[in-house]
Amino acid sequence: MTSEESRRRARVDAVVWNLRIDAATAEVVAALRERGVDSLLLKGPALADWYPADSPRTYVDGDIWVSPALVGVAEAVLRELDFDPMQDERGMPGWWVEHASGWRRARDGGVVDLHRRLQGVALEPAATWEMLWSQRDSITVAGVGVDRLGEAARALYVTLHAAHHGAKDPRGLPHLQAALAAADRGTWERALELATALDALASFSTGLRLVPVGAELAARIGVPDARSVTAALHAASPPPVALGFEQLAGTSWSRRLAIIARKLFPPPGFVRHWWPPAARNRRLLLVGYLYRPLWLLLRAPAGHRAWREARREVNSSR
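So the sequence shown is numbered by the working numbering: it starts at 1 and just counts up by one.
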């Protein structure tokens, strides 16, 4: 097979996969709507306006955000559609649960990321939802009308997404670069207003400055050089446990001890996801629990160094 044939095959495979994800996403959105659950599509076809029509990009899942009050209903709908959670979150404390949970359907490979909040936003999740829901627009995905974030909110979101994954992670930067190339100055000025209203300036400022074009734009539209240790750590694609040190630094000693205890001895579902051999049987689950403290101890020095560097960087900018 020639290189051109390989590229053509890759493009075909990307289109087929995207169609599969689009179909699963549309099915989920329609089912949620029938149960009275409003949803917003965050990525995938929601960002197609910013990419060339012949772009070979592939998205691996459908990112669907629902009102925080209706996450439980949305999870029930996904189970009715034969989706299973990719991680067992039972017993996980609220401070440890991620902003989204992955769901996969075995029969067709459909994957959905169900979002309960947006990364990098400090405003209370319900208020964030209400503000951005009111500015939505709509597109058609696999024959179904789907709501998505308005253009300024999309520009904000891809910036927060890039800041969350960092400069070394390929998941965030392509969307940000596409938005910077396609969206006009007025859109970015409105995105700045939203970042301010949502208490997301630190992540928005950090995300824009991950790429030179974004840094230039930030200077032109007056984005404050807002910093936070958490945003700085995310942007640097930190080593494991670095973010945990910042979490511990901002709380009381009793709370710190509770967090450390939970990190050392998390719920079984977490251990099975974190160390896949633990999912095979109870003996290996026990091995996973014994391995967990050693894993944390070995990674603590690098994580602590990264955390201290982030603190110095943030403090020096104030």
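Cβ atoms here follow ideal geometry from the backbone N, Cα and C, with glycine treated the same way.
request  = Could you tell me how far apart the beta carbons of V37 and V73 are, in whole angstroms, since I believe they sit closer than 8 Å?
outcome  = Sure, about 5 Å apart at Cβ, within 8 Å.
inquiry  = Please return the same chain residues whose Cβ sits closer than 8 Å to the Cβ of D88, not counting the five positions on each side in sequence.
reply    = So the qualifying residues of the chain are P267, P268, G269, F270, R272, H273.
message = I'd like the span of the alpha helix (DSSP H) that includes A191, first residue to last.
response = Here the alpha helix (DSSP H) through A191 covers 185-197.
request  = State buried or exposed for S254, treating a residue as buried only when at least 16 other CB atoms are found within 10 Å of its CB.
outcome  = By the Cβ neighbour-count rule, S254 is exposed, with fewer than 16 other Cβ atoms within 10 Å of its own.
inquiry  = Do D61 and D113 count as a contact pair if the criterion is CB distance below 7 Å?
reply    = In contact: D113 and D61 (Cβ atoms closer than 7 Å).
request  = Output the residue ranges of the alpha helix (DSSP H) runs that lie fully inside the region 41-128 and measure 4 residues or longer, sorted by chain position.
outcome  = Within the region 41-128, the complete alpha helix (DSSP H) runs of at least 4 residues are 71-80.
task = Report the partner residues of G222 according to the DSSP bridge assignment.
result = Partner(s): none; G222 has no beta bridge.
ask   = Applying the criterion that 16 or more other CB atoms from any shown protein chain within 10 Å of the CB defines a buried residue, is A76 buried or exposed?
value = In the assembly as shown, A76 is an exposed residue. Its beta-carbon has fewer than 16 other beta-carbons within 10 Å.
ask   = At what residue ranges does the region 259-313 contain a whole run of the alpha helix (DSSP H), taking only runs of 4 or more?
value = Within the region 259-313, the complete alpha helix (DSSP H) runs of at least 4 residues are 268-274.
query = Going by the beta-carbon positions, is the gap between G145 and D137 smaller than 7 Å?
reply = Between G145 and D137, the C-beta spacing is not below 7 Å.
request  = Determine the DSSP secondary structure at S203, reduced to helix, strand or coil.
outcome  = In the three-state reduction of the DSSP assignment, S203 falls in the helix class.
Sequence-distant residues of the same chain with beta carbon closer than 6 Å to A183, five excluded per side = These residues qualify, in order along the chain: A155.
inquiry  = Below 8 Å on the Cβ atoms is my contact criterion, and I expect H175 with H234 to pass it. Report the Cβ-Cβ distance as a whole number of Å.
reply    = In this structure H175 is not in contact with H234, their Cβ atoms being roughly 16 Å apart against a cut-off of 8 Å.
Own chain partners of W129 with C-beta closer than 6 Å, once the 5 adjacent residues on each side are dropped = Excluding residues within five positions, the ones whose Cβ falls inside 6 Å are S67.
Burial state of P224, where buried means 16 or more other Cβ atoms lie within 10 Å = By the neighbour-count rule (16 or more Cβ atoms within 10 Å), P224 is not buried but exposed.
ask   = Can A200 and V121 be called in contact, C-beta distance under 7 Å?
value = Inclusion of A200 and V121 in the CB contact set at 7 Å is warranted, their separation being smaller than that value.
Pairwise C-alpha distance: L286 and W133 = Roughly 45 Å between the two C-alpha positions.
inquiry  = What does the alpha-carbon distance come out to for the pair G222 and A181?
reply    = Going from the Cα of G222 to the Cα of A181 covers about 19 Å.
inquiry  = Quick check on this structure: which residue in R280, F83, V158 has the alpha carbon closest to the alpha carbon of R105?
reply    = Among R280, F83, V158, the Cα nearest to that of R105 is on F83.
request  = Just the C-alpha distance for T251 and A191, rounded to the nearest angstrom, thanks.
outcome  = The straight-line gap from Cα to Cα measures roughly 31 Å.
key: Whole-Å CB distance - R220 paired with A202, under 8 Å assumed   = Actually they are not in contact, since the Cβ atoms of R220 and A202 sit about 20 Å apart, beyond 8 Å.
inquiry  = Using a 10 Å radius around the Cβ and a threshold of 16 neighbouring Cβ atoms, would you call R185 buried or exposed?
reply    = With fewer than 16 other Cβ atoms inside 10 Å of its own Cβ, R185 counts as exposed.
query = CA-CA distance, D22 and P238?
reply = Cα to Cα, the separation comes out at about 32 Å.
request  = Whole angstroms is fine: what's the gap from D49's alpha carbon to L194's?
outcome  = Between the alpha carbons of D49 and L194 lies a distance of about 21 Å.
inquiry  = Based on DSSP bridge pairs, tell me the residues matched to S138.
reply    = Checking the DSSP bridge columns, you'll see S138 partnered with D147.
inquiry  = Please report the distance separating the alpha-carbon of R116 from that of R148.
reply    = Computed Cα separation, rounded: 15 Å.
Other residues of its chain near R209: CB distance less than 7 Å, five sequence neighbours each side excluded = Cβ within range, chain order: A215, A218.
request  = Given a cut-off of 7 Å, decide if V229 and A302 are closer than it, judged by their beta-carbon atoms.
outcome  = No, the Cβ-Cβ distance between A302 and V229 is not below 7 Å.
message = Between which residues of its own chain and A142 is the CB-CB distance below 6 Å, once the five residues before and five after are set aside?
response = For A142, where only same-chain residues beyond five positions count, the Cβ hits under 6 Å are D22, A23, A26.
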